[in-house]
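In the numbering used here, the protein residues as written are 2 to 635.
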Amino acid sequence: MCGIFGYTGGKQAQNLVIQGLKHLEYRGYDSSGVAIQNGAKAIHFEKTQGKIRNLEEILKKHPLQGKTAIGHTRWATHGTPNDLNAHPHLDNHSQIAVVHNGIIENYFDLKQNLKKHGARFRSETDTEVIVHLVAKYYKGNLENAVRRALKDIRGTYAIAVICSKEPGKIVAARLDSPLVVGIGREENFLASDVSALLDHTDRVIYVENGEVITLSDRAVSITDLSGKPVKRVPVKIQWTITQAKKGGYPHFMIKEIFEQPEILTAILRERIQKSKIIFEELKISAAELKSVKRIVIIACGTAYHAGLVGKYILEEFTNIPVWVDTSSEFRYRDPKVGKGDLVIAISQSGETADTLAGIREAKMKKALTLTICNVLGSTMSREAKGVIYTHAGPEIAVASTKAYTAQLATLYLLGLYLGNFLKTLPEKRFHALVKELFRVPSMMQKVLDQYKKEEKDWAAKAHDFNKRYHAQLEKYYKADPEKRKRSPNGFFLYLGRGINYPNALEGALKLKEISYIPAEGYPAGEMKHGPIALIDENPWVICLAPQSKTYEKMISNIQEIKARGGMVIPVVTEGDKEIYKLKPFYTIEIPKVSEILSPLVAVLPLQLIAYCVAKEFGEDIDQPRNLAKSVTVE
Ligand code: M6R
């Protein structure tokens, strides 16, 4: 939520900050702004509502000169997304400017107090109290003033502050919101995420909670909140700038969908060596694993769906019972976890506030904690006892695709590792599964190649849906204008069973987040307990029906939908003849794969359907409205 970027060095800063913010735009795009030092008495700044391109337009007309600057892209929490609430925020004399990611919980009391002492507030944000506090405590040393101001603040923050009286200096600090320093040559950077630093450097320092950073062109100093120096060695990041660019694809989402076979191959090659599963970074001992009596998975959104698939995998391979919870429910219900429990937190970003709070709750209750996450050095990876990185590379599109299949791959590997280690998975099955896993990337590739071949057909189908969707709505309203008051009758239903039920949830989530069309994922067996009432000739019903022990049951569900005029799109195993007898609206075939591994392949058509429909509807695929890539607020 919100992205911040800072630069200090020998170059003009404005465009570097804009470029950095563009890499962070996935974190929020309600407004953006930049503040710059240029030797004048006051800080110069521009900020505006909407995406970064709006800010760029303004800066084209009124460029800002200066070599030290901070910038911000916002996902609104306190105050509507307008120009005034956009960051940076400045003190009464425009000598100090602040950008902030996080939430200041006690801002209301602080605001009342600061107002009494003459602070003039211009926005409705919680952030503005920070700049007035820093101004209040400023006695000629910005670092000391920031440190003092932080003592008054309760909440979460990653902040960057500049002051017109201290040229070339940026002071930053973090508590529970991510912040990374990029080390350059005679220039230094700050960002919410490493992807924004890849254009400039691969040497970074992950700022820890409670640290205060002072950057100049040639130095980075780190202290704790009491001012004691902290020694940290920069680490080298493996991600490359090419990974963080679209590389000829129209959207990051489709690029990331197409990266999946390659990522899976890389994960398997790294983790499976001489038929052994290797997790070098795990940090959990064999004795600790042996004591696990129950596994609890916590996660949000797509990662939660991966966790649901994980339940099927881990229970089957280890015989250990597995519970899955959304992090927000887990953390607020006094969860009964403790010794003997392994709590696995799954997260792409490793920063999601609810999941992080879940890990802390589990640790407090003495459970063993492990995070499966994508971002190296993220807060979860540092706070959980153990970590397994998913190595999906930077995921830029807000709608998660490759992170999901990388999470699934990691869960399969973890299941194999534990099953082998606990001797709950027979050797023969272990080897057969490893062998088949290595074939999955080529199965995924086949689905993607088929899509490429039929792309026009998919687009035509999406166009047809669009036409029907709107025609149907019109017909519906014309027949009974009163109905306009009710919710529209166009939607998607995703049905799955067993290990593909979570994929149905994931397919529905993908569609609704990027096309805003109502979509629901359901276990097919539950259809007749309610959702069947929705079926007429209108909704698209996506049925996950690859070969499995419940295939026949799925066919019965499809018949029930057809009998009510529903438009069925089944996802089936290639060579399935039965399905065509039911005359589906459109059939998608996937290669033959064993049921337990099928989610890795079956999810691809669902990601592609969501992409095609959103494209047909002309939506902003990579940055859907109201969403942010990582949700670092509760
Ligand atoms: O970074 P995380 O994996 O913890 O994020 C969890 C969810 O916010 C995320 O999966 C979200 O649901 C995505 N937009 C789904 O596409």
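Yeah, the Cβ is synthetic: ideal placement off N, Cα and C, and Gly gets one too. Note that the structure is predicted; figures quoted are calculated from it, not measured.
What I want to know is whether the C-beta of residue i ends up closer than 6 Å to one or more non-hydrogen atoms of ligand 1.
i, result
"V632", "yes"
"Q349", "yes"
"A146", "no"
"V604", "no"
"G394", "no"
"T574", "no"
"T353", "yes"
"T303", "yes"
"S193", "no"
"S401", "yes"
Using a threshold of 7 Å, state whether the C-beta atoms of residue i and residue j are closer than that.
i, j, result
"Q244", "G394", "yes"
"I242", "L199", "yes"
"I691", "A410", "The displayed coordinates of the chain run from 2 to 635. Any statement about residue 691 would go beyond what the structure contains."
"R186", "P235", "no"
"T319", "G387", "no"
"D218", "G10", "yes"
"K554", "T574", "no"
"N93", "G67", "no"
"V614", "I589", "no"
"C164", "I97", "yes"
"S124", "I44", "no"
"I53", "S32", "no"
"S348", "C374", "yes"
"A192", "F6", "yes"
"V448", "L605", "yes"
"T49", "I37", "no"
"E144", "T215", "yes"
"F466", "P540", "no"
"V135", "A150", "yes"
"G637", "E538", "Because the chain here runs from 2 to 635, residue 637 falls outside it and cannot be looked at."
How close, in whole Å, do the beta carbons of residue i and residue j come, if the pair is a contact with beta carbons under 8 Å?
i, j, result
"V100", "G72", "7 Å"
"D355", "R332", "6 Å"
"L601", "M445", "7 Å"
"Y27", "Q624", "6 Å"
"A346", "T380", "With 8 Å as the limit, A346 and T380 do not qualify as a contact, their Cβ atoms being about 11 Å apart."
"T74", "L25", "5 Å"
"Q560", "L583", "7 Å"
"L412", "V569", "Contact flag wrong, Cβ pair sits at about 30 Å."
"V181", "V162", "Their Cβ separation, rounded to whole angstroms, is 17 Å, which puts V181 and V162 out of contact at 8 Å."
"K462", "Y581", "Between Y581 and K462 the Cβ distance is about 17 Å, and since that is not below 8 Å, they are no contact."
"F253", "A398", "4 Å"
"P532", "E521", "7 Å"
Ligand 3 and residue i: does any heavy atom of the ligand fall closer than 6 Å to the residue's C-beta?
i, result
"F331", "Ligands present in the displayed structure are limited to ligand 1, and ligand 3 is not among them."
Hey, is residue i's beta-carbon within less than 7 Å of any beta-carbon in chain D?
i, result
"Q261", "Of the protein chains in this structure there is only one, and it is not chain D."
Taking one C-beta from the stretch 493-500 and one from the stretch 542-561 each time, how about it: are there three or more such pairs within less than 8 Å?
Yes: at least three Cβ pairs fall under 8 Å.
Indicate whether the contact test is met: 3 or more Cβ pairs, each with one atom in the stretch 386-393 and one in the stretch 260-273, closer than 8 Å.
A contact between stretches requires three or more CB pairs, one per stretch, nearer than 8 Å, and the stretch 386-393 meets this requirement with the stretch 260-273.
Three-pair Cβ contact test at 8 Å for the stretch 266-274 versus the stretch 325-343:
No contact exists between the stretch 266-274 and the stretch 325-343.
Would you call the stretch 208-228 and the stretch 361-368 touching, i.e. three or more CB-CB distances under 8 Å?
By the C-beta criterion, the stretch 208-228 is judged not to be in contact with the stretch 361-368, since fewer than 3 inter-stretch pairs fall below 8 Å.
Are at least three pairs of beta-carbons, each pair with one atom in the stretch 599-615 and one in the stretch 227-241, less than 8 Å apart?
No: the two stretches stay apart, fewer than three of their Cβ pairs being nearer than 8 Å.
Pair every Cβ in the stretch 286-296 with every Cβ in the stretch 338-349, then say whether three or more of these pairs are closer than 8 Å.
Taking 8 Å as the limit for Cβ pairs, the verdict is that the stretch 338-349 does touch the stretch 286-296.
Assess contact between the stretch 83-90 and the stretch 119-133, defined as three or more Cβ pairs (one per stretch) separated by less than 8 Å. Is contact present?
Yes: at least three Cβ pairs fall under 8 Å.
Flag this pair as touching only if the stretch 413-432 and the stretch 310-318 have three or more C-beta atom pairs under 8 Å; answer yes or no.
Output reads yes: the stretch 310-318 touches the stretch 413-432.
Counting beta carbon pairs with one atom in the stretch 618-632 and one in the stretch 423-434, are three or more of them shorter than 8 Å?
No, because fewer than three Cβ pairs between the stretch 423-434 and the stretch 618-632 fall closer than 8 Å, the two stretches do not touch.
Using 8 Å as the threshold, is the stretch 144-164 in touch with the stretch 97-117, meaning 3 or more CB pairs across them?
Because the criterion of three Cβ pairs below 8 Å is met, the stretch 144-164 and the stretch 97-117 touch.
Evaluate the contact criterion for the stretch 550-568 versus the stretch 503-512: three or more CB pairs, one atom per stretch, below 8 Å.
By the Cβ rule, the stretch 550-568 does not count as touching the stretch 503-512, because fewer than three pairs are nearer than 8 Å.
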